[in-house]
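Notes for the one structure printed next.
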Amino acid sequence: MTKVDLRSALGLKQHRTLRGKYSPIKVVAVFLAPALILYLAFVAYPVVKVFWLCLFRWRGVTKGTEEFVGLSNFVRLYHDAVFWRALSNNLILFAFVLVVSVTIALFFSFFLARKIRGSGFYRATWLFPNMLGDVIVATTWLFIFHPTMGMLNYFLSLIGIDVGATPWLGQSSTALIAVAIPMIWKFMGLYIILFLASIQEIPRSFLDAARIDGANGWQEFFKITLPLIKPTIAVAAVFLMWNSFSVIFTYVKLLTEGGPHRATEVIPTYIYQVGFAYHEFGYSSAISVASFIVLFALASISTRMLMRRMLRGETGR
Amino acid sequence: MCNKPRVLIVTFLLVLIGVISIVGFGKTILRVASFEGGYGVEWLLETARLFEESHPNVDVEVTTDPRIWEKVQPMFVAGNPPDVVAPGWKFDLWGAIAEGQITPLEGYLANTNAVDKDTAWINTFATGSFAAATSDEHIWYIPQFPSFYGWWYDKTIWDEQGWSPPTSWDEAFELFEEMKAVGTAPIANQGIYPMYLTYPYLPEFIARMAGPSKLEACLNLEPDSWTDPKVVEAFTFLKNLIDNYFQEGHLGMTHLQSQVMPLVGQAGLVACGSWYPKEQEQVWPEGHEIRAMPLPIFPESPFPQNAYSKDNDSALLWVIPTATEHEELAVEFLKLLTSEQIAKYTVEVTGNPTVYVESSQWLPDNKFGRAVQSCAAYYEGAAYTIPKRETLELWYPKVESVLENSLSLMEENKATPEEVCAAIQAMANEVREDPNTMMHVFDLGI
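Quick mapping for you: the protein sequence lines, in order, are chains A and Y.
No gaps in the numbering here: position 249 of the first sequence is 532 in our numbering, and each next residue is one more.
No gaps in the numbering here: position 424 of the second sequence is 429 in our numbering, and each next residue is one more.
The structure is reproduced here in structure tokens:
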């Protein structure tokens, strides 16, 4: 077996203040250690703790008062109508945000890729909301949605759609969609840039050949551009899923508090309520575990589909 | 070349400085943690300053945070909570009490004197301050700020319009029609937060229409209490108010958005607690005065009509953890915090009365003080007060949650008052029958 001089391979030189030989592995470990310790302490350990706590009943105040209840938290979860409502709200949100975000982002990225006049300005305009914090975005939209003094109702009335003092956030028929809109607005720029980069990677020759064969703009988009950027769309879908199940907490908390009457309740807000309002940390852990399983399943399906498409691309269609 | 001695000396000095900063030259550290919100923290810092002056061997370490429960809860779990803490409304205070984490205070309150007074500490508190703090004959926390409730209005606009506060509901409905005629919605409402329908509407409606015993039954989660016909009648009355007199679009308004409506003439009134004037500070029209009035009476009802909602702000309920090593010092700190000197200072800087007896006499003669005074004034003639937030919200959060969601359904005409009451009663039964629920006894004492 040929010995490999790792020091040379890594481009490491022996520092003149270090005494004796040293192992590159140890050097790597030392540099990784701080991040690894933080990760273990603030990510891995809490996750393991949640998986443990879901088997207990605990008020979260005194150590040692955890009462083992086995899987009864999950039995309770199965019968919990609020949990299923929250989960379905999350899935509806995910589907809505996915369709709307991808559609609009594709539309704009397609035109931006054609190097239209002012494309830099449009890109900056779309990216700007992404630089704002979620709290700022949610608070801004709180005022846009104001029933009597908000911009939305005012502009609708200007274009002849008289909605009166419609409380978009306060009626169950519109609240869920209303909560999704600020999130779409904030992250749209990111997806436009993502798709734009992907579109610009498409070999010029494909599009030239299509034009020579008589393809119009729509055919070019649907037959060439869209199939080739599907992996990027799949990646965007994973980001959107993460937003719909975690970032959404801020928007729901600030805009509707889960109301009206649970119409916008989502898993993260329900976990928070069960933990900090009902003081049932065991049950809230069970909800977290169940949600993790759902998300893991969704992410796995999405990743498998992405991998399949990529492999098909390598072997040729 | 590395100068080892120098490195060692510097390291030693750094460690020494660190240890000294922690230990503080042999001083006792009294750790105080508090919620930080609309009342500010100047009064707390002033208390800490005075305490250190009178206790030269004590350093008071004050921590404040709008989400203080997130900081102190892990400390309780770790067995190292602060010595004195107001953990905020999201902290499981009654859970901590049930698990023996909180020191009972009735002994100190009854058997030791207040600061600079020849009377027991407990005698310096306004009557009823400990009604909800008492369980199993123990007093578990020291409240700080009472909240009064009523309808708030812009007196300047009302004077211009020739409107005056109604005393009965018949007068109120006549006034509301006058308001509608000039394009003013009678009542603004914090629609996104249905709990505002209980600040103070619902508890006072139940008390005045169904009577104090029915109110007690509801807050004690007794069987059939919430479905009692008189209680349902109270919900029905509220529904009528919502359908006919609440501002259009109120369902989509937050508390800040709705509460500004009376000040810009878009609504006549808004129901809120005595924090309302301070909360409107940024939007208060120049030269305007704000006042409060009690909800109108039901003249035909046989029950006392001067029953008003009042509770101690659950954000600032002070406790002493049993894990503290400085219990006596902690008690002295709380005594100073609730002393006449600090109470006077607190009222002046916050514009709010405290639990100190007759503290509203110190309300400043400015727009905030006059506004709050108008609310505190009518409580002097109260038959009794209803501490809904300190009881139902803290004792039975699940019932409170169903109450809020059901009221929201009722607001949107998706549930009748009967269905709402049935839903609340169902949850009340479930909570009462759960062996893990810590049950309390609410007694008006009348």
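Think of the CB as a built atom: it goes at the ideal place given N, C-alpha and C, for glycine as much as any other residue.
Determine the chain D residues that contact residue i at a beta-carbon separation under 7 Å, and present them in chain order.
i                     : result
residue 565 (chain A) : Any reference to chain D falls outside this structure, whose protein chains are A and Y.
Expressed to the nearest angstrom, what Euclidean distance is found between the alpha-carbon atoms of residue i and residue j?
i                     : j                     : result
residue 310 (chain A) : residue 293 (chain A) : 11 Å
residue 621 (chain A) : residue 307 (chain A) : Here chain A covers residues 284 to 600 and nothing more, so residue 621 (chain A) does not appear.
residue 467 (chain A) : residue 475 (chain A) : 12 Å
residue 437 (chain A) : residue 544 (chain A) : 27 Å
residue 446 (chain A) : residue 453 (chain A) : 14 Å
residue 598 (chain A) : residue 509 (chain A) : Interpretation of residue 598 (chain A) is limited by its pLDDT of 39, a score under 50 that renders its predicted location unreliable; the figure taken from the coordinates is listed afterwards. Using only the alpha carbons, I get a separation of about 19 Å.
residue 538 (chain A) : residue 193 (chain Y) : 18 Å
residue 161 (chain Y) : residue 461 (chain A) : 37 Å
residue 470 (chain A) : residue 459 (chain A) : 17 Å
residue 600 (chain A) : residue 406 (chain A) : Summary for residue 600 (chain A): the model assigns pLDDT 39, below 50, so the residue's position carries little reliability, and this model does not support an answer.
residue 97 (chain Y)  : residue 540 (chain A) : 20 Å
residue 24 (chain Y)  : residue 375 (chain A) : 55 Å
residue 113 (chain Y) : residue 385 (chain Y) : 28 Å
residue 524 (chain A) : residue 417 (chain A) : 16 Å
residue 427 (chain Y) : residue 343 (chain Y) : 42 Å
residue 143 (chain Y) : residue 574 (chain A) : 42 Å
Contact criterion: CB-CB distance below 7 Å. Does residue i meet it with respect to chain Y?
i                     : result
residue 451 (chain A) : yes
residue 437 (chain A) : no
residue 536 (chain A) : no
residue 361 (chain A) : no
residue 357 (chain A) : no
residue 329 (chain A) : no
residue 542 (chain A) : yes
residue 262 (chain A) : For residue 262 (chain A) there is no data in the structure shown, the boundaries of chain A being 284 and 600.
residue 559 (chain A) : yes
Starting from residue i and walking both ways along the alpha helix (DSSP H), at which residues does that stretch end?
i                     : result
residue 359 (chain A) : 355-361
residue 151 (chain Y) : Per DSSP, residue 151 (chain Y) belongs to no alpha helix (DSSP H); it is in the beta strand (DSSP E), 151-159.
residue 515 (chain A) : 513-525
residue 238 (chain Y) : 234-250
residue 332 (chain A) : 328-336
residue 408 (chain Y) : 402-416
residue 322 (chain A) : 307-322
Return the first residue and the last residue of the beta strand (DSSP E) that residue i is part of.
i                     : result
residue 176 (chain Y) : That residue, residue 176 (chain Y), is in no beta strand (DSSP E); its alpha helix (DSSP H) goes 174-186.
residue 35 (chain Y)  : 33-40
residue 534 (chain A) : Unbroken run through residue 534 (chain A) is the alpha helix (DSSP H), 531-538; no beta strand (DSSP E).
residue 378 (chain A) : Careful: residue 378 (chain A) lies outside any beta strand (DSSP E), inside the alpha helix (DSSP H) at 364-395.
residue 389 (chain Y) : 389-391
Does residue i have its Cβ less than 7 Å from a Cβ in chain A?
i                     : result
residue 276 (chain Y) : no
residue 81 (chain Y)  : yes
residue 319 (chain Y) : no
residue 430 (chain Y) : no
residue 239 (chain Y) : no
residue 262 (chain Y) : yes
residue 233 (chain Y) : no
residue 440 (chain Y) : no
residue 328 (chain Y) : no
residue 253 (chain Y) : yes
residue 378 (chain Y) : no
residue 106 (chain Y) : yes
residue 413 (chain Y) : yes
residue 402 (chain Y) : yes
residue 8 (chain Y)   : no
What do you get for residue i, buried or exposed, if any count of 16 or more other CB atoms within 10 angstroms of its CB means buried?
i                     : result
residue 557 (chain A) : buried
residue 586 (chain A) : exposed
residue 219 (chain Y) : buried
residue 527 (chain A) : buried
residue 425 (chain A) : buried
residue 157 (chain Y) : buried
residue 440 (chain Y) : exposed
residue 116 (chain Y) : exposed
residue 335 (chain A) : exposed
residue 615 (chain A) : This structure leaves residue 615 (chain A) out entirely; chain A is present only between 284 and 600.
residue 122 (chain Y) : exposed
residue 373 (chain A) : buried
residue 337 (chain Y) : buried
residue 353 (chain A) : exposed
task = Run through the segment 84-140 of chain Y for me and flag every whole beta strand (DSSP E) of 3 or more residues, listed as ranges in chain order.
result = 89-91
query = Counting only runs that start and end within the segment 319-375 of chain Y, where is the alpha helix (DSSP H) found for 4 or more residues in a row?
reply = 332-342, 345-355
Contained alpha helix (DSSP H) runs [length at least 4] in the segment 405-444 of chain A, N- to C-terminal order = 417-427, 434-441
ask   = In chain order, which alpha helix (DSSP H) runs of at least 4 residues are fully inside the segment 447-500 of chain A?
value = 455-483, 487-495
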